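In our numbering, the protein residues as written are 1155 to 1597.
Worksheet: the structure to be examined is printed underneath.
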Amino acid sequence: MNLTGWLWTVLGFVAMVLILYTLVPDFFLHRLGAGSRKRQYTPGVTLTFDDGPDPVVTPLLLDVLARQRVRAVFFVVAERAARYPELIRRMVAEGHVLGIHSLSHRYAWFMGPGRTWREWEEADRVLTELSGRAVEWVRPPWGTFNLSTWWWMKRRGKRAVLWNAEGHDWQKERSVQFIVERILSRVNEGSIIVLHDGSTDPGDRARVVPIVEELCRRIVRDLKLPVLAPEFPDWSLGRRVGFVLWEKWEHFFASSHRVERIDAVNIFRLAKTTYHGPELRAESGELLARAGDTVGEIHLDNIRLQAKGADAQTIATGALRHAKESFPVLARYVAESPEYENIKVFLGLSMMYRAVRVFGFEVKDVEPTLGMRWIAFLQKVIMSVYHPAGHARLNPRLGNEPKLVWIEKKKLVELWAGPEKGASAGRGLKPSRRAKEFGSESS
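Now the structure itself:
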């Protein structure tokens, strides 16, 4: 082999090493999200902040979060944290989560293995000492990895948390309103928003404060989603993929069937549909619905009812508490909303019909058809996706035949919103001041 051949061989070897050291780990961890978290698993949206702390902007940002009662995640640069330790202590004291954003904010591809290891090791030490607790989550600058970053995380038991919604708030030419609208168009349950409370330009840094104020207001009001600290359950890859796919199906179903949320926390969703079942009559004998009538349909917002524990009694108690908190708001909403003024009955199909009688619902058998078996199958999928025991939660007691559960609108309102509203529910109400306020917060 001549000199030119040797040179190309050496260059090829160097290129292969560089690709393995930079492009390969970055492709899997950053682009694909394999080995990192690009979303979280709460029924809400998470705010995260990079590049801080900043002595001017971060305190203002913490004030906004305190007023909004929002817990966020701060991925801080350890060198800056060491200069402003009081801000780190305040973050921890106010319930925010601390993450590592490196020691000195250097690009991963431009650091060798030794430098990378020292960068993260020292950052971890500094933030652990300042916060008084272990720091579990990391986010490399620009979300960029090299092989040494990945190996350090693996050896130290750290978890990389990235993002799936951003507004490019560091770009000067973008207005606050543009950034807010861009982010809102990209978020849903499980979203992780990235913003920045530290940068080179003081003017740029200050923009994050009105951005966060507007986001906190409009995520709750317009999207009807809570703003929450993230959760990352210890699920297998298969279950995470199944969860995401099923979530996309639920989004499609809600959009295509016009299933609406009531507010940012209620576990029930509402829709209007054409009824195809047997006649439904009130206790007085009044006809409430026959085939072809428009009726109200109650849906469970499954991700909001997602069971977090493994103990069956704890799960049941939590579900009961959520339902008791949600029914009064649901009842006021249907009593005061012009959308449901002429609806006489609310119903649903459920395999868990035994549990709903305590809330005032009637239960009625329906003709076993292929469609009913399809609904039973879907509800079993829901159980396996959202219950912590997964598929193991399914048992023969669930059966294969859902039943019709229904309640007269007047009865629903009397039971859960009070007799005064119940008396008016049959003829509808003009929206009260409270209803207008509720609508402005959740429409």
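Don't be surprised by glycine CBs; every beta carbon is placed ideally from N, CA and C.
Because the structure is a prediction, the values reported are computed rather than measured.
Do Ile1416 and Tyr1487 have their C-beta atoms closer together than 7 angstroms? Here residue 1416 refers to the residue found at position 262 of the sequence shown. Here residue 1487 refers to the residue found at position 333 of the sequence shown. Yes, they are a contact pair.
Name the two residues that bound the continuous beta strand (DSSP E) containing Phe1386. Position 232 of the sequence shown, counted from the first residue, corresponds to residue 1386. Note, Phe1386: premise wrong, no beta strand (DSSP E); not H, not E.
For Arg1234, name the three-state secondary structure that DSSP assigns. Counted from its first residue, the sequence shown places residue 1234 at position 80. Here Arg1234 sits in helix by DSSP.
Quick one, are the C-beta atoms of His1255 and Val1230 less than 7 angstroms apart? Indexing the sequence shown from 1 puts residue 1255 at position 101. Indexing the sequence shown from 1 puts residue 1230 at position 76. Yes, the pair counts as a contact, with Cβ atoms nearer than the cut-off.
Tyr1238 and Pro1209 closer than 7 angstroms at C-beta: On the sequence shown, position 84 is the one that residue 1238 refers to. On the sequence shown, position 55 is the one that residue 1209 refers to. Contact: yes.
Can we say the region 1409 to 1423 touches the region 1392 to 1400, given the rule of at least three CB pairs closer than 8 angstroms? no
Quick one, which of Pro1556, Glu1433, Leu1316 and Arg1359 has its alpha-carbon nearest Thr1202's? Sequence index remark: in the sequence shown, residue 1202 carries index 48 (1-based). For Thr1202, the nearest C-alpha among the options comes from Leu1316.
Between which two residues does the beta strand (DSSP E) harbouring Ser1410 extend? Position 256 of the sequence shown, counted from the first residue, corresponds to residue 1410. Looking at the DSSP string, Ser1410 is not in any beta strand (DSSP E); the run it does join, the alpha helix (DSSP H), is Leu1391 to Ser1410.
Is the Cβ-Cβ distance between Gly1297 and His1184 less than 7 angstroms? Your numbering for residue 1297 matches position 143 in the sequence shown. Your numbering for residue 1184 matches position 30 in the sequence shown. Yes, Cβ-Cβ distance for Gly1297 and His1184 is below 7 angstroms.
Should Gln1460 be labelled buried (16 or more other beta-carbon atoms within 10 Å of its own) or exposed? Residue numbering aside, residue 1460 sits at position 306 when the sequence shown is read from its first letter. Under this definition Gln1460 is a buried residue.
Does the contact criterion of 3 or more C-beta pairs under 8 angstroms hold for the region 1416 to 1433 versus the region 1443 to 1455? yes
Taking the DSSP output, what are the residues bridged to Ile1346? Taking the sequence shown and counting its residues from 1, one reaches residue 1346 at position 192. BP columns for Ile1346 point to Thr1200.
Excluding the 5 residues preceding and the 5 following Ala1546 in the sequence, name in chain order all residues of the same chain whose CB lies nearer than 7 angstroms to its CB. On the sequence shown, position 392 is the one that residue 1546 refers to. Low confidence applies to Ala1546: its pLDDT is 49, below 50, so where it sits in the model is not reliable, and the reading given next is rough at best. So no residue of the chain qualifies.
Ends of the beta strand (DSSP E) at Thr1428? Here residue 1428 is taken as the residue at index 274 of the sequence shown, counted from 1. Taken as a continuous stretch (DSSP letters only), the beta strand (DSSP E) holding Thr1428 covers Phe1422 to Thr1428.
Using a threshold of 6 angstroms, is the CB atom of Thr1428 nearer than that to any non-hydrogen atom of the ligand ATP? The model depicted lacks the ligand ATP and carries no ligand whatsoever.
Would you tell me roughly how many angstroms separate the C-alpha atoms of Arg1310 and Val1251, rounded to the nearest one? For the purposes of this step, residue 1310 is taken as the residue at position 156 of the sequence shown. For the purposes of this step, residue 1251 is taken as the residue at position 97 of the sequence shown. The straight-line gap from Cα to Cα measures roughly 18 angstroms.
Between the CA atoms of Gly1266 and Pro1482 - distance to the nearest angstrom: Position 328 of the sequence shown holds residue 1482. Position 112 of the sequence shown holds residue 1266. Cα-Cα distance, rounded: 60 angstroms.
Thinking C-alpha only, which one of Val1168, Phe1299 and Ala1436 is nearest Leu1177? Sequence index remark: in the sequence shown, residue 1177 carries index 23 (1-based). Ranking Val1168, Phe1299 and Ala1436 by Cα distance to Leu1177 puts Phe1299 first.
Given Thr1200, which residues of its chain have a CB within under 8 angstroms of its CB, disregarding the five upstream and five downstream residues? In the sequence shown, the residue the question calls residue 1200 occupies position 46. Contacts found: Gln1194, Ala1226, Val1227, Ser1345, Ile1346, Ile1347, Val1381, Leu1382, Ala1383 and Pro1384.
Close beta carbons around Ser1302, own chain, < 7 angstroms, minus the five adjacent residues each side: Here residue 1302 refers to the residue found at position 148 of the sequence shown. So the list reads Pro1267, Thr1270 and Trp1271, once near-sequence residues are dropped.
Would Gly1321 be called buried (16 or more neighbouring beta carbons within 10 Å of its own) or exposed? The residue labelled residue 1321 in the question sits at position 167 within the sequence shown. That one is buried.
With a cut-off of 8 angstroms, do at least 3 Cβ pairs link the region 1400 to 1407 to the region 1359 to 1368? no
At what residue ranges does the region 1265 to 1309 contain a whole run of the alpha helix (DSSP H), taking only runs of 4 or more? 1267 to 1285
Collapsed DSSP secondary structure at Val1419 in the structure displayed: For the purposes of this step, residue 1419 is taken as residue 265 along the sequence shown, with counting starting at 1. Three-state result, Val1419: coil.
DSSP beta-bridge partners of Trp1560: Numbered from its first residue, the sequence shown carries residue 1560 at position 406. Answer is Leu1501 and Glu1516.
Rounded to whole angstroms, how far is the Cβ of Leu1349 from the Cβ of Asp1323, which I believe are closer than 8 angstroms? Position 195 of the sequence shown, counted from the first residue, corresponds to residue 1349. Position 169 of the sequence shown, counted from the first residue, corresponds to residue 1323. Their Cβ separation, rounded to whole angstroms, is 5 angstroms, which keeps Leu1349 and Asp1323 in contact under 8 angstroms.
What distance in whole Å lies between the Cβ atoms of Val1520 and Tyr1507, which are believed to be in contact at a cut-off of 8 angstroms? What you label residue 1507 is simply residue 353 of the sequence shown in a count that begins at 1. What you label residue 1520 is simply residue 366 of the sequence shown in a count that begins at 1. At roughly 11 angstroms, the Cβ-Cβ gap does not stay under 8 angstroms, so Tyr1507 and Val1520 are not in contact.
Given this structure, state the Cα-to-Cα distance separating Leu1474 from Pro1295, to the nearest angstrom. Residue 1474 sits at position 320 when you count from the first residue of the sequence shown. Residue 1295 sits at position 141 when you count from the first residue of the sequence shown. The straight-line gap from Cα to Cα measures roughly 44 angstroms.
Rounded to whole angstroms, what is the Cα-Cα separation between Ala1485 and Ala1235? Locating residue 1485 in the sequence shown gives position 331, counting from the first residue. Locating residue 1235 in the sequence shown gives position 81, counting from the first residue. If I take the Cα positions, the gap works out to 49 angstroms.
Quick check on Arg1225: does DSSP put it in helix, strand or coil? Here residue 1225 refers to the residue found at position 71 when the sequence shown is read from its first residue. In the structure shown, Arg1225 sits in coil (DSSP, three-state: anything other than H, G, I, E or B).
Considering only the beta carbon of each residue, do Glu1343 and Pro1197 sit closer than 7 angstroms? Indexing the sequence shown from 1 puts residue 1343 at position 189. Indexing the sequence shown from 1 puts residue 1197 at position 43. For Glu1343 and Pro1197, yes; Cβs fall inside 7 angstroms.
For the alpha helix (DSSP H) that Ile1173 lies in, which residues bound it at each end? For this step, residue 1173 is matched to residue 19 along the sequence shown. Ile1173 -> no alpha helix (DSSP H), and no H or E assigned at all.
Look at the alpha carbon of Glu1433 and the alpha carbon of Lys1378, and state the distance between them as a whole number of angstroms. What you label residue 1433 is simply residue 279 of the sequence shown in a count that begins at 1. What you label residue 1378 is simply residue 224 of the sequence shown in a count that begins at 1. Taking the straight line joining both Cα atoms gives about 34 angstroms.
Pro1604 to Leu1399, Cα distance in whole Å? Nothing can be reported for residue 1604, as the shown portion of the chain is limited to 1155 through 1597.
Mapping DSSP to helix, strand and coil, what is Glu1451? For the purposes of this step, residue 1451 is taken as the residue at position 297 of the sequence shown. Three-state DSSP puts Glu1451 in a strand.
Near Met1307, which residues of its chain fall below 7 angstroms by C-beta distance, leaving aside the five closest residues on each side in sequence? The count along the sequence shown starts at 1 and reaches residue 1307 at position 153. If we look at Met1307 and ignore the five residues flanking it on each side, its Cβ neighbours are Val1292 and Ala1314.
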